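The sequence shown runs contiguously to residue 185 in my numbering.
No residue lacks a Cβ here, since even glycine has one placed at the ideal position from N, Cα and C.
None of the values given here were measured: they were computed from a predicted structure.
In what follows, a structure is listed as structure tokens, so that the remarks can point back to it.
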Amino acid sequence: MWKTKAPPRVAFFVWAAALGRILTTNNLRRRQVIVPDWCCMCKESGESISHLLMHCWTAREIWSFIFSIFDIPWVMPCGVLELLSCWGNGCRSARIRRLWDMIPLCIFWCIWWERNSRSFEGVERNMLEIKGTVLRILMDWSNASGTMSFSSVLDFLDFCIV
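In structure tokens:
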């Protein structure tokens, strides 16, 4: 996570998530904060870190979308740390390796932003908008870091599709 070209604050967020330190409802309730115990993404009970970022139906939809773009079969591990530990082995192409390393950080970050937007601002985007945001941010990070340069999301997708 520290070696990717993602912004440092995103790497820090993912590090905190891997350590179980981000403030999901289950972590808030452990600290005696009175909050409803439900996931604002899927509207079901129990918002843990792994549920929110990996196993909620909204998160699964985003992960499936990305895996389909890269044509990679994947079985989602139990937690964030496990996913990060095995992530590097999933990339078969040296051509997209640097981009591949940014994907989990980008997805986690986008889900967290969407969750906070829903929780604190009452703004809920649809799945198509969320997927578009993931692609745009991944492309922007790639352009900003000098990893690769793309003029449009279509160019970016063309590069990703193996």
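Would the beta-carbon of residue i fall within 8 Å of that of residue j?
| i | j | result |
| --- | --- | --- |
| Leu128 | Ala41 | no |
| Val103 | Ser73 | yes |
| Asp181 | Thr27 | no |
| Ser142 | Cys62 | no |
| Met77 | Leu106 | yes |
| Ile85 | Lys154 | yes |
| Phe138 | Leu75 | Checking the displayed sequence, the identity of residue 138 turns out to be Arg instead of Phe. For Arg138 and Leu75, yes; Cβs fall inside 8 Å. |
| Leu177 | Ile126 | no |
| Gly69 | Asn50 | no |
Throw me the rounded Cβ distance for the residue i and residue j pair, which I believe falls under 8 Å.
| i | j | result |
| --- | --- | --- |
| Val157 | Cys133 | 5 Å |
| Cys65 | Cys79 | 4 Å |
| Arg53 | Asp60 | Actually they are not in contact, since the Cβ atoms of Arg53 and Asp60 sit about 11 Å apart, beyond 8 Å. |
| Ile130 | Ile89 | 7 Å |
Kindly identify the DSSP beta-bridge partner or partners of residue i.
| i | result |
| --- | --- |
| Trp61 | Ser68 |
- Message: In chain order, what are the residue ranges of uninterrupted beta strand (DSSP E) at least 3 long that sit wholly in the stretch 130 to 175?
- Response: Contiguous beta strand (DSSP E) elements confined to the stretch 130 to 175 do not occur, taking only those with 3 or more residues.
- Is the number of C-beta pairs between the stretch 162 to 173 and the stretch 106 to 117 that are closer than 8 Å three or more? The stretch 162 to 173 is not in contact with the stretch 106 to 117.
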